[in-house]
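Undergrad: The number in this note's numbering is simply the position in the sequence shown, starting from 1, with 405 added. Built from N, CA and C at the ideal position, the CB exists for glycine as well. Computed from a predicted model, the values in this text were never measured in an experiment. Can you read through this structure? Questions will come right after.
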Amino acid sequence: AIAFRRNMHAAIGVLVAHLPATLKRASLIFATLISGFFFLVIMIYGIDLTLRVRPQISPALEVSMAWVYGAVPVGMAFLLVYAIELLVIQSRAPADELLTEGH
């Protein structure tokens, strides 16, 4: 989630860097929207899985396995928030700053 927030996630930056400003912005926004949709889907299924494993108890820790599986929807929720933040940045940032880190 931190790498995504810092705009260090896997991307085809070499190709995007050579696009005109309008296409650069559109392609980055599209990629972020697709990523956000993926995060939302995984979060929804992660919540479902977490609720289904709630009765299972870890033999070693003696706690519900929901605590373990709960990391998936929580992580995806962070990624979804960061995707929204990145969309705002991508829609407002000057074209020459779209591929830089540190936003």
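Take F444 and list the residues in its own chain whose beta-carbon comes closer than 7 Å to its own, dropping the five residues that flank it on each side.
TA: Looking up residue 444 in the sequence shown gives position 39. Contacts found: M481, L484, L485 and A488.
Undergrad: Near G507, what residues of its chain come up, given a Cβ to Cβ distance below 6 Å and the 5 sequence neighbours on each side ignored?
TA: Along the sequence shown, one-based indexing puts residue 507 at 102. With a pLDDT of only 49 at G507, under 50, the local geometry of the prediction cannot be trusted, and the value read off the model is given with reservation. So no residue of the chain qualifies.
Undergrad: Quick one: Cα of H423 to Cα of W472, how far?
TA: Position 18 of the sequence shown holds residue 423. Position 67 of the sequence shown holds residue 472. Whole-angstrom Cα-Cα distance: 45 Å.
Undergrad: Taking the alpha carbon of L454 as the reference point, which residue from R411, A465 and M470 has its own alpha carbon closest?
TA: Position 49 of the sequence shown, counting from 1, holds the residue named residue 454. The shortest C-alpha separation from L454 is found at M470.
Undergrad: Which ranges does the alpha helix (DSSP H) cover as unbroken runs of at least 4 residues, wholly within the region 415-462, from first to last along the chain?
TA: Within the region 415-462, the complete alpha helix (DSSP H) runs of at least 4 residues are 418-422 and 426-457.
Undergrad: Which residues in the same chain have their Cβ closer than 7 Å to the Cβ of S496, if we skip the five residues on either side of it in sequence?
TA: For this step, residue 496 is matched to residue 91 along the sequence shown. So the list reads I434, once near-sequence residues are dropped.
Undergrad: Determine whether the beta carbon atoms of A500 and R430 lie at a separation below 8 Å.
TA: For the purposes of this step, residue 500 is taken as residue 95 along the sequence shown, with counting starting at 1. For the purposes of this step, residue 430 is taken as residue 25 along the sequence shown, with counting starting at 1. Cβ distance < 8 Å, so A500 and R430 count as in contact.
Undergrad: Does the separation of the CB atoms of P478 and I439 fall below 8 Å?
TA: Position 73 of the sequence shown, counted from the start, is the residue given in the question as residue 478. Position 34 of the sequence shown, counted from the start, is the residue given in the question as residue 439. Their beta carbons are not under 8 Å apart, which means P478 does not touch I439 by this criterion.
Undergrad: For S432 versus V421, is the C-beta spacing smaller than 8 Å?
TA: For this step, residue 432 is matched to residue 27 along the sequence shown. For this step, residue 421 is matched to residue 16 along the sequence shown. Yes, Cβ-Cβ distance for S432 and V421 is below 8 Å.
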